[in-house]
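This report concerns only the one structure given below.
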Amino acid sequence: MPLLIIAIIVFSPLLVALLRTLVLKVNLKPQKSPLQAERIENALAKSAGKTLAKAVSFKTVSYPNYNQTDIKAFDDLANHLKDSYPLMHSKLEKIEIGYSNLVFKWEGENRELKPALFLAHQDVVPANEDGWIYPPFDSTIRDGFVWGRGSFDLKGQMIAICETVETLLSQNFKPKRSYYIAFGCDEEVRGKFGAKLICAYFLENEITFEYVLDEGGVVGKNFLPGLKENVAVIGVAEKGDLNIKIKCTKEGGHSSAPKNPTPIATLGKALYNLEKRKMRAHICKPIKEMLHTLGLYAPFPLAFVFLNLWLTKPLINLVFSKNSTLNPLIRTTVAATMAKGSEASNVIDPTASAILNVRLLPSQSSQEVLLWAKKRINDDSVTVEPLSDTRRSRISPTDTPSFNFIKSSVEAVFENPIVVPYVMIGGTDAIWYEQVSDCVYRFSPTLMSGEELKRIHNANERLSIENLKRAIEFYLTLIKREVFV
Ligand SMILES: [Zn+2]
169 MPLLIIAIIV
179 FSPLLVALLR
189 TLVLKVNLKP
199 QKSPLQAERI
209 ENALAKSAGK
219 TLAKAVSFKT
229 VSYPNYNQTD
239 IKAFDDLANH
249 LKDSYPLMHS
259 KLEKIEIGYS
269 NLVFKWEGEN
279 RELKPALFLA
289 HQDVVPANED
299 GWIYPPFDST
309 IRDGFVWGRG
319 SFDLKGQMIA
329 ICETVETLLS
339 QNFKPKRSYY
349 IAFGCDEEVR
359 GKFGAKLICA
369 YFLENEITFE
379 YVLDEGGVVG
389 KNFLPGLKEN
399 VAVIGVAEKG
409 DLNIKIKCTK
419 EGGHSSAPKN
429 PTPIATLGKA
439 LYNLEKRKMR
449 AHICKPIKEM
459 LHTLGLYAPF
469 PLAFVFLNLW
479 LTKPLINLVF
489 SKNSTLNPLI
499 RTTVAATMAK
509 GSEASNVIDP
519 TASAILNVRL
529 LPSQSSQEVL
539 LWAKKRINDD
549 SVTVEPLSDT
559 RRSRISPTDT
569 PSFNFIKSSV
579 EAVFENPIVV
589 PYVMIGGTDA
599 IWYEQVSDCV
609 YRFSPTLMSG
619 EELKRIHNAN
629 ERLSIENLKR
639 AIEFYLTLIK
649 REVFV
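Each residue of the sequence shown is one higher than the one before, counting from 169 in the working numbering.
Next comes the structure, spelled out in structure tokens:
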């Protein structure tokens, strides 16, 4: 009898989970957008490709030190946009904010409706020519792609927005709600002179938005083994970015008579412990929602795991923790990135210091991380001090009219992918705009493979004309098919 009881205790949850999986999957309705996508001619996409290629040629690199910025490159890019999109520049109100930012307002018919805000950024990360097939700032169009730094991140999205507005203006189209468009100048270095100032303008003028759409997730091919559908991921939050200085102070002296462990060795031990003993895993709401939706479509073993987190959470934690791509989705990560010790090989400097870059889950505060680090290090000779910190991201809801509308537009344009929310592990300008809207979403309307995504911030970045076409169709669908208030 006890054996039978043990068997019931062990197998009942499994049976419940199994039945739950079967019921959920049987009741799954096929994904179909209620919207019809706007489509454009190939010729328009081709001409947008040429405008993008030229936009890539301006070296709008942003640097942490603003003095290094090539202001002329930004001016040239702005002039190029002005020449390419004359209607947009003559009919929309241009708002001057800071320097090198491009902000427009397109007045809608119904002033009762809250406006929406489309974001992109003009700046790019640096690129030397190593490993590039075509030079990074050369305006190359080859094999159906625009090649070069910024072609994907994020001049492509910027051109798609401009092309959409210009097309609609040429048709004398008037939008229902007003749209603001903001292209910041320094997203890659945290938006201090771009998004921060632009957002301050909106706050000052009490302008809030129905929704904000910035760069972010894409429609991914081959997202999961055994899943035939493409998967569109829409960022509803982003991880925070905190730098911590870890410093060890001890006795220094000549290296011929060392008092071991030296400050560097003590610091090394502290850093090793922080990296090895990871912070606690936590599956936050968007990731739970993502796994649940994927579970509905995934083949059986994965479906069982994703649809029954109440039972399988330890397994998810274990598998995700061992994978460097998945691990950041379930926990705050730490990485030692910089270190400093003595200036000479035979001198033991009394201090050694290092910088730890921390990427925080939206649910975690910097204070919690600092306390955790102090506790883990547990050594009086080592101090922990916060340096630069970003805002703490809020999770935008997925049960809003605006999220559902964006989801339907993605389904229409990209032919019914599975649409899921997620948390972006990188930072974007969007984090600033959480002050002026409850609904801040992060999505780059393109269909990409994992291989293609590796080119971002890397050599051979490129964007296909086909993807530029889809991006324009996506924004056209958003503006023309708007059905919610
Ligand atoms: Zn970007």
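Virtual Cβ for every residue (Gly too), placed ideally from N, Cα, C.
Closer than 7 Å: residue i CB and nearest ligand 1 heavy atom
{"i": "His450", "result": "no"}
{"i": "Asp321", "result": "yes"}
{"i": "His460", "result": "no"}
{"i": "Glu374", "result": "no"}
{"i": "His248", "result": "no"}
{"i": "Glu355", "result": "yes"}
{"i": "Glu277", "result": "no"}
{"i": "Glu383", "result": "yes"}
{"i": "His289", "result": "yes"}
For residue i, the residue or residues it bridges with in DSSP
{"i": "Asn411", "result": "Asn525"}
{"i": "Pro554", "result": "Ile412"}
{"i": "Arg665", "result": "Nothing can be reported for residue 665: it is not among the residues displayed for the chain, which extend from 169 to 653."}
{"i": "Asp306", "result": "Beta-bridge pairing links Asp306 to no other residue."}
{"i": "Pro589", "result": "Ile402"}
{"i": "Met506", "result": "Ile523"}
{"i": "His257", "result": "In DSSP, His257 forms no bridge with anything."}
{"i": "Asp382", "result": "Arg610"}
{"i": "Leu615", "result": "Val387"}
{"i": "Leu574", "result": "The residue you asked about is not Leu; residue 574 is Ile in the sequence shown. The partner list for Ile574 (beta bridge, DSSP) is empty, contrary to what the question assumes."}
{"i": "Thr417", "result": "Thr519"}
{"i": "Phe351", "result": "Leu270 and Ala288"}
{"i": "Ser422", "result": "Here residue 422 is His; the residue named in the question, Ser, does not match the sequence. The partner list for His422 (beta bridge, DSSP) reads Val515."}
Chain-order list of residues whose beta-carbon lies under 8 Å from that of residue i (same chain, five-residue window excluded)
{"i": "Arg160", "result": "What is shown of the chain runs 169 to 653, which leaves residue 160 out entirely."}
{"i": "Tyr590", "result": "Gly385, Val401, Ile402, Gly403, Val404, Pro454, Ile455, Met458 and Leu497"}
Contacting residues, own chain, Cβ-Cβ under 6 Å from residue i (five flanking each side not counted)
{"i": "Glu356", "result": "Ser230, Asp291 and Val293"}
{"i": "Gly266", "result": "Phe361 and Leu365"}
{"i": "Lys575", "result": "Val587"}
{"i": "Ala221", "result": "Ser307, Ile309 and Val314"}
{"i": "Leu479", "result": "Pro181 and Ala185"}
{"i": "Phe472", "result": "Thr189"}
{"i": "Leu196", "result": "Leu464"}
{"i": "Arg562", "result": "Glu602"}
C-beta neighbour in chain C for residue i, strict 8 Å
{"i": "Glu297", "result": "This model lacks chain C altogether, as it is built from one protein chain only."}
Residues near residue i by beta carbon distance below 7 Å, same chain, minus five either side
{"i": "Lys542", "result": "Val552"}
{"i": "Glu460", "result": "In the sequence as displayed, the identity of residue 460 is His instead of Glu. Excluding positions up to five away in sequence, the list reads Phe474 and Leu475."}
{"i": "Trp300", "result": "Ala627 and Asn628"}
{"i": "Thr237", "result": "Ser230 and Tyr231"}
{"i": "Ala504", "result": "Leu439, Glu443, Ala522 and Leu524"}
{"i": "Val537", "result": "Leu410, Thr500, Val526 and Leu528"}
{"i": "Ser654", "result": "Since the first residue of the chain shown is 169 and the last is 653, residue 654 is not available in this structure."}
{"i": "Ala639", "result": "Gly324, Gln325, Ala328, Pro613 and Thr614"}
{"i": "Glu334", "result": "Tyr253, Leu255 and Met256"}
{"i": "Tyr234", "result": "Phe361"}
{"i": "Lys273", "result": "Leu260, Glu261, Ile263, Ser346 and Tyr348"}
{"i": "Pro426", "result": "Ile516"}
In chain order, each alpha helix (DSSP H) run of at least 4 residues that lies wholly inside the region 426-510:
431-444, 453-465, 468-475, 477-489 and 495-498
Which ranges does the beta strand (DSSP E) cover as unbroken runs of at least 3 residues, wholly within the region 263-287, from first to last along the chain?
270-274
Which ranges does the alpha helix (DSSP H) cover as unbroken runs of at least 4 residues, wholly within the region 188-259, from first to last along the chain?
210-225, 239-252 and 254-259
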